[in-house]
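Colleague: To start, I am sharing the structure in question, which I have written as structure tokens.
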Amino acid sequence: MTKNAIDIKGLTKIYKGQGGSEDKLALKGIDLEIPRGSMFGLLGPNGAGKSTTINILAGLVNKTDGTASIWGFDIDQNPRNARANIGIVPQELMFDAFFTPREMLEVQAGLYGVPKSERRTDELLKAVHLHDKADAYSRSLSGGMKRRLLVAKALVHNPPVLVLDEPTAGVDIELRQQLWDYVRELHARGTTVVLTTHYLEEAEELCDTIAIINHGEVVCCEPTGQLLKRIDEKEIVITVSDSLDAIPAPLARFKSSLRDSHHIGVQISQADANVGEVLAAVQAAGLTITDIATDETDLEDIFLQLTSSRDKVA
Ligand code: ADP
Ligand code: MG
16 MTKNAIDIKG
26 LTKIYKGQGG
36 SEDKLALKGI
46 DLEIPRGSMF
56 GLLGPNGAGK
66 STTINILAGL
76 VNKTDGTASI
86 WGFDIDQNPR
96 NARANIGIVP
106 QELMFDAFFT
116 PREMLEVQAG
126 LYGVPKSERR
136 TDELLKAVHL
146 HDKADAYSRS
156 LSGGMKRRLL
166 VAKALVHNPP
176 VLVLDEPTAG
186 VDIELRQQLW
196 DYVRELHARG
206 TTVVLTTHYL
216 EEAEELCDTI
226 AIINHGEVVC
236 CEPTGQLLKR
246 IDEKEIVITV
256 SDSLDAIPAP
266 LARFKSSLRD
276 SHHIGVQISQ
286 ADANVGEVLA
296 AVQAAGLTIT
306 DIATDETDLE
316 DIFLQLTSSR
326 DKVA
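Under the working numbering, the letters of the sequence shown match residues 16 to 329, in that order.
Here it is as structure tokens:
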């Protein structure tokens with residue numbers, strides 16, 4: 016029995032071009048293992064293939080090739096069990112505007128065969144702060160309320176895995192915080208949470224594991240802390256009292272650049288990090304150091320680094 020909440024292997028999607036337009040290879044055979052109990056971030060720029068991946072899991076998009084299983088159930092061989100174990104909040108805010116939130120949750124519970132005695136409609140509406148809107152027309156809800164209603168809808172059958180596709184789109188900051196508080200609470204109570212985002216801060220702040228996806232390929236997948244450590248380029252900026260018009264010869268063997276006449280930037284990778292060597296070289300050049308500063312590595316740098324190196328290969 017797999018320990019993963021979701022296992023994806025060789026997942027490929029080609030959207031067939033219509034009316035003479037080109038086919039689109041949206042997923043190029045991705046592999047992804049999402050551990051049970053994790054708070055997992057699928058991070059990537061627009062068009063990377065995040066929603067395609069999620070929508071295949073949701074049964075909304077047919078894959079072209081590869082396999083996917085949810086909680087150990089293959090989506091082709093065991094679609095009912097696969098679907099019973101996942102709740103998905105889609106990126107698009109699509110639902111029937113003539114249902115009230117209460118009706119919507121009841122209908123959804125019916126679709127999943129949840130017996131009336133086990134329904135948690137009121138509890139869910141309270142949890143997403145929509146209890147006072149329980150009987151309002153859904154079309155009168157704001158974007159943020161709709162998003163929260165969709166979260167409640169994804170949870171009616173009490174799935175062990177909750178997937179949120181770009182959950183903060185159109186949600187204002189205060190409500191976003193409420194949404195995250197609730198998602199964190201669900202996670203603390205044992206729900207595996209997967210969220211897609213193109214906001215780096217969001218993934219960095221919330222997720223214990225991050226996969227970066229770009230142009231339909233998984234670029235990396237690892238614990239957030241390890242990802243931060245592994246990606247190594249750090250720049251130190253050395254201020255010298257001397258006035259320079261070129262990089263001094265002893266520094267030529269480092270990746271260095273002259274920022275202005277008094278500042279030298281040197282790229283240091285943690286793998287062969289040796290700030291001492293760099294400083295020795297500066298002194299060997301006969302310069303007087305007045306200050307040293309480093310630019311901290313954050314996910315944004317990592318993201319740019321990974322995606323730009325891929326761009327060059329493609
Ligand atoms: P993301 O969610 O990461 O922004 P998507 O999975 O929505 O990315 O899209 C991946 C790629 O597939 C994009 O190039 C997008 O234009 C294309 N795509 C998505 N849906 C369709 C569709 N229904 N038909 C054709 N191309 C699509
Ligand atoms: Mg998307």
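The C-beta atom is built at its ideal place from N, Cα and C for all residues, glycine as well.
#1: Could you check if R98 is buried or exposed, using at least 16 other CB atoms within 10 Å of its CB as the buried criterion?
#2: Which same chain residues end up closer than 6 Å to T305 when comparing Cβ atoms and leaving out the 5 residues on each side of it in sequence?
#3: In whole angstroms, what is the alpha-carbon distance linking G128 and K161?
#4: Can you grab the Cα-Cα spacing for the pair R199 / A41, in whole Å?
#5: Within this structure, are the beta carbons of V186 and G205 separated by less than 8 Å?
#6: DSSP state of V328, grouped into three classes?
#7: Which residues in the same chain as F88 place their Cβ atom closer than 7 Å to its Cβ, once the five residues preceding and following it in sequence are excluded?
#8: Using C-beta distances below 6 Å, list every residue in its chain close to A73, excluding the 5 sequence neighbours before and after it, in chain order.
#9: Whose C-alpha, out of A83, A20, A149, is nearest the C-alpha of L26?
#10: In whole angstroms, what is the alpha-carbon distance linking A112 and V252?
#11: Within a Cβ cutoff of 6 Å, which residues of the same chain sit near G34, ignoring the five residues on either side of it in sequence?
#12: Out of T239, V234, V293, state which residue places its alpha-carbon closest to the alpha-carbon of A63.
#13: Using the rule of at least 16 other Cβ atoms within 10 Å of the residue's Cβ for burial, across every protein chain shown, is M119 buried or exposed?
#14: Put N173 into one of helix, strand or coil per three-state DSSP.
#15: What's the call for L47, buried or exposed, on a 16-neighbour Cβ count within 10 Å?
#16: Hey, quick one: how far does the beta strand (DSSP E) through R274 stretch, first residue to last?
#17: From V290 to A308, what distance separates their C-alpha atoms?
Modeller: Straight from the coordinates:
#1: buried
#2: T254, S256
#3: 23 Å
#4: 31 Å
#5: no
#6: Low confidence applies here, because V328 scores a pLDDT of 41, under 50, leaving its location unreliable and the question unanswered by this model.
#7: N96, A97, N100
#8: I103
#9: A83
#10: 56 Å
#11: none
#12: V234
#13: buried
#14: coil
#15: buried
#16: 270-275
#17: 11 Å
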